[in-house]
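Count along the sequence shown starting at 1, add 5, and that's the number in the numbering used here.
Just so you know, even glycine gets a beta-carbon here, dropped at the ideal spot from N, CA and C.
Read through the structure below, which is laid out as structure tokens, and then see the notes.
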Amino acid sequence: MNVQDEVEEFQPSNAAEWFLVLRDDPDDVSLRARFEVWLKEKPERQREWAQISHTMSVLRRVEPTQDMASPVVLKYRATVVRRRVVASLSLAAAAVVAGVIWGPDALLRLRADHVTGWAETRTIALADGSQIIMAPESAIDTDDTKGQREVRLLKGEALFTVMHDPAHPFRVIAGHFTITDVGTVFDVKAGGGGTEAVAVREGRVSIVNAGSHDAPVLLDAGQAFQMKAGKGMTGAVVPQEVGLWAQGFYVAHSQPVSEVVGTLSHYMRGTVLVRGHGLGAEKVSGLYKLSNARSALQTLADGQNARVWNVTPWLTILNR
Numbered sequence: 006m007n008v009q010d011e012v013e014e015f016q017p018s019n020a021a022e023w024f025l026v027l028r029d030d031p032d033d034v035s036l037r038a039r040f041e042v043w044l045k046e047k048p049e050r051q052r053e054w055a056q057i058s059h060t061m062s063v064l065r066r067v068e069p070t071q072d073m074a075s076p077v078v079l080k081y082r083a084t085v086v087r088r089r090v091v092a093s094l095s096l097a098a099a100a101v102v103a104g105v106i107w108g109p110d111a112l113l114r115l116r117a118d119h120v121t122g123w124a125e126t127r128t129i130a131l132a133d134g135s136q137i138i139m140a141p142e143s144a145i146d147t148d149d150t151k152g153q154r155e156v157r158l159l160k161g162e163a164l165f166t167v168m169h170d171p172a173h174p175f176r177v178i179a180g181h182f183t184i185t186d187v188g189t190v191f192d193v194k195a196g197g198g199g200t201e202a203v204a205v206r207e208g209r210v211s212i213v214n215a216g217s218h219d220a221p222v223l224l225d226a227g228q229a230f231q232m233k234a235g236k237g238m239t240g241a242v243v244p245q246e247v248g249l250w251a252q253g254f255y256v257a258h259s260q261p262v263s264e265v266v267g268t269l270s271h272y273m274r275g276t277v278l279v280r281g282h283g284l285g286a287e288k289v290s291g292l293y294k295l296s297n298a299r300s301a302l303q304t305l306a307d308g309q310n311a312r313v314w315n316v317t318p319w320l321t322i323l324n325r
């Protein structure tokens, strides 16, 4: 079999693979012709292609070097038996990735006393006997000077077990929230877009919202408060499930797929995206093991009749 026959035999199996191969060899007329045939064979392939093209165009300014060495690209290159000089391009792509991914975090690290990476949790023991367990991709700044007991949750999520001291209140600041303990165990999440959340496992907390003139919100064990898009909501939670992530598990109760995937993504390398009409808004329930987040994502996908595309080591797509 000659090289041309090998090239003709090579056939990517899905839209993501076609995207990578076509980008690797945009001038191959024969490859483009076979792609057009594949694309027109089934209507769903055109939808898949539109979705992957949109996703990759959004990420076009961030091209990890692993993307250039994905298995499907390597296989294609082997069939055409050629080599490309990519050292300089790979170096430039790595620089772009470093700037985009680590740039904002570099500033965060200057403000924070403690920072966790992906899939990393950390336990911080404070001098007063209180304890903080940080979730992955989180950052905190602590202040225990002059009798102060104050923690700023700059990013992510943390579980606080506080030693009560009426003379020296323990405060957590997250976004517009100032949470003051009354001897308790509570979880605080600082999200983007003005979203903060507090849930109490034991005891009671008082929440003051600096963005409003409302009276402080008091939460007892089994209660949670969330501020989203400027609106505060109080609801009930199972106390034993508050901060369950610190034990390696995540429980979803009729939550949007996008929210569950967002949590799992903190335990997976790279970016995880949800694509497909209405998929992100669909509600799911379940218990997910965070120590094997990829398996948990696959379980979620199976339940929603979706598929997981491991496009590169740095990009995973949940698609339907």
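- In the DSSP annotation of this structure, the continuous segment of the alpha helix (DSSP H) that includes W43 starts and ends at 34-46.
- Look at the region 139-166 and you find no whole run of alpha helix (DSSP H) that is 4 residues long or longer.
- According to DSSP, E201 shares a beta bridge with A195, M232.
- At the C-beta level, L295 and Y272 come within 7 Å of one another.
- Non-local C-beta neighbours of A21 in its own chain, meaning closer than 6 Å and more than five positions away in sequence, comprise I57, W314, V316, ordered along the chain.
- By alpha-carbon distance to F24, the top candidate from S35, E53, E49 is E53.
- Within the DSSP secondary-structure output, N315 pairs in a beta bridge with T321.
- In the DSSP assignment, S270 falls within the unbroken alpha helix (DSSP H) covering 262-270.
- In this structure, V190 keeps its C-beta atom at 7 Å or more from the C-beta atom of A163.
- The criterion of a C-beta distance shorter than 7 Å is not satisfied by R299 and W123.
- Remark: three or more beta-carbon pairs, one from each stretch, lie closer than 8 Å, so the region 167-177 and the region 148-159 are flagged as touching.
- Proximity to Y293 across Q252, A215, T126, R312 peaks at Q252, based on C-alpha coordinates.
- When DSSP reads this structure, G253 sits in no beta bridge, so it has no partner.
- Where S300 is concerned, the enclosing alpha helix (DSSP H) starts and stops at 298-308.
- In the DSSP assignment, A130 falls within the unbroken beta strand (DSSP E) covering 127-130.
- Closest in alpha carbon position to G291, among E264, E125, V256, is V256.
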